[in-house]
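In terms of the UniProt record's numbering, the sequence shown has 192 at position 192, counting the first letter as 1, and numbering is strictly consecutive.
Glycine included, every Cβ here is placed at the ideal spot set by N, Cα and C.
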Amino acid sequence: MHPKKNSSNNAREQAYKSLLKIDREGAFSNLEIRQTLSRLSFNAEDANLYTLLVYGVLQNQIFLDYCLDQLIKEPKRVDFETREILRIAAYQILKLDRIPDYAAVSEAVLLCGKVNRRAKGFVNGVLRNLIRNKTRLFDISNGSFRNEKEVLATRFSIPLPVVHYYFEAYGKEAAPAILAQMNVPAPLSVRVNTLKLSREDLAAKLQAEGLAVEVGQLSSDCLYLKGISASELVQSCWFKDGWLTIQDQGAMLIAELLDPRPGERILDMCAAPGGKTTHLAQLMSDAGEIIARDIYPSRLQLIEDAAKRLGISNIKTELWDGIQPPKEEAAFDKILLDAPCSGYGVIRRKPEIRYRGTKEDRRAIRQTQRTLLNNGLDLLRSDGKLVYATCTIDPEENNRQIARVVRERSDVIAEAETERMTSPLTDGCDGFYMIRLIKR
1 MHPKKNSSNN AREQAYKSLL KIDREGAFSN LEIRQTLSRL SFNAEDANLY
51 TLLVYGVLQN QIFLDYCLDQ LIKEPKRVDF ETREILRIAA YQILKLDRIP
101 DYAAVSEAVL LCGKVNRRAK GFVNGVLRNL IRNKTRLFDI SNGSFRNEKE
151 VLATRFSIPL PVVHYYFEAY GKEAAPAILA QMNVPAPLSV RVNTLKLSRE
201 DLAAKLQAEG LAVEVGQLSS DCLYLKGISA SELVQSCWFK DGWLTIQDQG
251 AMLIAELLDP RPGERILDMC AAPGGKTTHL AQLMSDAGEI IARDIYPSRL
301 QLIEDAAKRL GISNIKTELW DGIQPPKEEA AFDKILLDAP CSGYGVIRRK
351 PEIRYRGTKE DRRAIRQTQR TLLNNGLDLL RSDGKLVYAT CTIDPEENNR
401 QIARVVRERS DVIAEAETER MTSPLTDGCD GFYMIRLIKR
C-alpha cells in the first residue's frame, strides 16, 4: 500500500516548503496557500492544519525565535532549514493546545530526517527543552527590553520600525491594541454581486445552507460569513456562479468613494487582481467603460477571469506601465489609483509583509506613488475625480504624499472630508487609506 498523501505529517512538510518559498522567493502567503490547496489533495482537516501552520509561523516568527534562541547556545549558527522546522514545532507547542507536544516534536524530527539528518538530535533536544520551559518562555514580561515598543515588537512579532509606524499613525493609546489585532484571523467578508442578486437575497440563501451571516455596517454590499472557510468558499457554487467576491469591507469603501456612474469613462491604474475594478463595474451597473491597466500580462488575466465569473462586460484590460509619462489625452471622467505600497495595513492577511522592505525600498515605493499620482491626474479631464488609496498606515505614503502633490500642483484640490483611514480596531477591517481629489 502507498502511504496516504494527505497525512498530517505531509501537511507539516508542505507548510515547511511553503514557508521556504515565501521567504526565499518573495511569494505572498495568501497566494501560496491558495495555489497549494488547489494543487494537493488534502482533506479538510489537513488543509486547515497546513494553513494554520503557515500563517501561524509567519505571524509569530519573532516571538518563536525569541523563545528558541534562549535555548540554543549559538543561535546564529542554526541553518535556515533547521530553524524553519523548529519554528513550526515551536508554534504548535506554544500556541496550539489541540496538538500534543510529543506529536509536534516527533513530526519535527521526522521532517528533519528528510531535510538534514545530522540535525535530528539537535532538533529533538531543543524542542524537549522548550516543552520543559514553555511557561517561563511564554511570559516575556521578564525579558530584557528597553521600552514598551520592544515588548510589543516581540510579543506580536512586528519588527520595531513597523511598530513605530503604528504609533505614529494611530497614537500611543490605540496602537498597542491595533498591533494585537494583527495576529487575529481576519473575519471572512464578501462583496455581494448586486448585478445578479441583492444583499438580502444572498444572505437568505446562505443562511438556508446553515451559514451564519452578518451584514457589513460600512458598505451596503458587504456580508460577513461564519461556518465556512475562504478555501471552501471559492469551491462553492455561490462563488463559481459569480454571486460574491471575497473582499475586505474596507476595500469596498474605495470604489464607493470614487462613486462611478453609468456611462462614465473610468480608469483603474493599478487594477490587478480586479477586486476593486469589478466593484466599480458593479456600482455603475456594468454600463459605461472601465479601462483596467497593469504592468504584468498574467495579472491582467486575473481581472479578465474575475469579470467573466461575475458576468461583467464593460471592463477592457490594457498592458501599461503607469510610471511612464502618458501620451494620451486627459479624457477620463474618474480614475482609481490603488497605489503600490508597503502594505502595513494588511499584515493580518499577509503576515510576511511585516518582515519585508528596506528604507531604500520604501523610498522607491513613495517615488513610484508620486509618479503614478501625477500621471493619473494628467489623464483626468477638467472637473474629473481621482481616488488615491493604499493598504498601508505609513503617513509618508498617505496624507503626506497627498499634501506634497497638492502643494506642487495648482490644478488639484483634495476633498478633505473624504479622507479616511480604516483600522481593525475601530472598523473591524484592514488598514486602508483613501482620499478623493478633484482636478480644476
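State the DSSP-derived secondary structure class of residue i, mapped to helix, strand or coil.
{"i": "Ala44", "result": "helix"}
{"i": "Met252", "result": "helix"}
{"i": "Phe332", "result": "strand"}
{"i": "Arg420", "result": "strand"}
{"i": "Gly113", "result": "helix"}
{"i": "Ile158", "result": "coil"}
{"i": "Pro326", "result": "coil"}
{"i": "Asp259", "result": "coil"}
{"i": "Trp320", "result": "coil"}
{"i": "Leu197", "result": "coil"}
{"i": "Met296", "result": "Checking the sequence, you will find Tyr at residue 296 rather than Met. DSSP places Tyr296 in coil when its eight states are reduced to three."}
{"i": "Asp241", "result": "coil"}
{"i": "Thr36", "result": "helix"}
{"i": "Ser229", "result": "coil"}
{"i": "Arg363", "result": "helix"}
{"i": "Arg146", "result": "coil"}
{"i": "Ala27", "result": "coil"}
{"i": "Asn10", "result": "helix"}
Whole angstroms is fine: what's the gap from residue i's alpha carbon to residue j's?
{"i": "Ser41", "j": "Ser141", "result": "43 Å"}
{"i": "Lys4", "j": "Ser157", "result": "Residue placement at Lys4 is poorly supported in this model, since its pLDDT is 42, which falls under 50; the coordinates are not used for a value here."}
{"i": "Ala251", "j": "Asp430", "result": "8 Å"}
{"i": "Ser220", "j": "Glu256", "result": "10 Å"}
{"i": "Val126", "j": "Tyr16", "result": "18 Å"}
{"i": "residue 472", "j": "Ala212", "result": "Here the chain covers residues 1 to 440 and nothing more, so residue 472 does not appear."}
{"i": "Asp259", "j": "Cys222", "result": "16 Å"}
{"i": "Glu352", "j": "Leu58", "result": "6 Å"}
{"i": "Lys439", "j": "Ile413", "result": "6 Å"}
{"i": "Gly105", "j": "Ala89", "result": "The sequence given here places Val at residue 105; Gly does not occur at that position. Each residue's alpha carbon lies about 6 Å from the other."}
{"i": "Thr36", "j": "Ser236", "result": "18 Å"}
{"i": "His279", "j": "Ala175", "result": "31 Å"}
{"i": "Gln282", "j": "Ile62", "result": "42 Å"}
{"i": "Glu148", "j": "Arg348", "result": "21 Å"}
{"i": "Leu130", "j": "Cys67", "result": "8 Å"}
{"i": "Ala208", "j": "Ala306", "result": "26 Å"}
{"i": "Ile435", "j": "Val405", "result": "13 Å"}
{"i": "Gly216", "j": "Ser313", "result": "27 Å"}
{"i": "Asp65", "j": "Thr422", "result": "31 Å"}
{"i": "Val162", "j": "Ala287", "result": "42 Å"}
{"i": "Thr368", "j": "Thr358", "result": "15 Å"}
{"i": "Val346", "j": "Ala180", "result": "13 Å"}
{"i": "Met1", "j": "Leu31", "result": "Unreliable positioning characterises Met1 in this predicted model, as indicated by a pLDDT of 36, which lies under 50. The coordinate reading is nonetheless provided below. The straight-line gap from Cα to Cα measures roughly 33 Å."}
{"i": "Glu417", "j": "Gly143", "result": "45 Å"}
In the DSSP assignment, what residue or residues form a beta bridge with residue i?
{"i": "Val190", "result": "Leu223, Ile246"}
{"i": "Ile315", "result": "Ile290"}
{"i": "residue 480", "result": "Outside the displayed range of the chain (1 to 440) lies residue 480, so it cannot be described from this structure."}
{"i": "residue 450", "result": "Nothing about residue 450 can be read from this structure; the chain reaches only from 1 to 440."}
{"i": "Lys17", "result": "Looking at the DSSP assignment, Lys17 forms no beta bridge with any residue, so it has no partner."}
{"i": "Leu267", "result": "Ile291, Ile335"}
{"i": "Ala414", "result": "Leu437"}
{"i": "Leu380", "result": "Phe332"}
Pick out whichever of the options has its Cα sitting closest to the Cα of residue i.
{"i": "Ser231", "options": "Cys270, Leu188, Asn375", "result": "Leu188"}
{"i": "Asp101", "options": "Pro351, Arg128, Lys308", "result": "Arg128"}
{"i": "Tyr166", "options": "Ile295, Asn48, Gln401, Asp394", "result": "Asp394"}
{"i": "Ala292", "options": "Phe332, Lys327, Tyr55", "result": "Phe332"}
{"i": "Leu372", "options": "Phe122, Ala208, Trp320, Cys112", "result": "Trp320"}
{"i": "Leu233", "options": "Pro424, Ala44, Glu13", "result": "Ala44"}
{"i": "Lys334", "options": "Gly311, Asp294, Thr277, Glu304", "result": "Thr277"}
{"i": "Leu337", "options": "Gly322, Ala330, Gly343", "result": "Gly322"}
{"i": "Ser298", "options": "Asp286, Ile290, Ala271, His279", "result": "Ala271"}
{"i": "Pro75", "options": "Glu209, Leu31, Val123, Thr36", "result": "Val123"}
{"i": "Asp46", "options": "Glu13, Asn30, Phe28", "result": "Glu13"}
{"i": "Lys327", "options": "Asp378, Gly345, Ala175, Leu280", "result": "Asp378"}
{"i": "Glu200", "options": "Ala174, Trp243, Lys226, Leu179", "result": "Trp243"}
{"i": "Gly79", "options": "Asn116, Lys316, Lys385, Arg356", "result": "Rather than Gly, the amino acid found at residue 79 in this sequence is Asp. Per the Cα distances, Asn116."}
{"i": "Asp294", "options": "Lys316, Gly357, Glu107", "result": "Lys316"}
{"i": "Glu289", "options": "Gly274, Gly311, Pro262", "result": "Pro262"}
{"i": "Arg407", "options": "Ala169, Trp238, Arg370", "result": "Arg370"}
{"i": "Leu94", "options": "Arg77, Lys120, Glu81, Asn60", "result": "Asn60"}
Would you call residue i buried or exposed, if buried means 16 or more other Cβ atoms sit within 10 Å of its Cβ?
{"i": "Tyr388", "result": "buried"}
{"i": "Asn398", "result": "buried"}
{"i": "Lys350", "result": "buried"}
{"i": "Leu111", "result": "buried"}
{"i": "Asn133", "result": "exposed"}
{"i": "Tyr184", "result": "At residue 184 the sequence reads Val, which differs from the Tyr that was named. It counts as exposed."}
{"i": "Arg83", "result": "buried"}
{"i": "Arg191", "result": "buried"}
{"i": "Lys240", "result": "exposed"}
{"i": "Leu380", "result": "buried"}
{"i": "Lys385", "result": "buried"}
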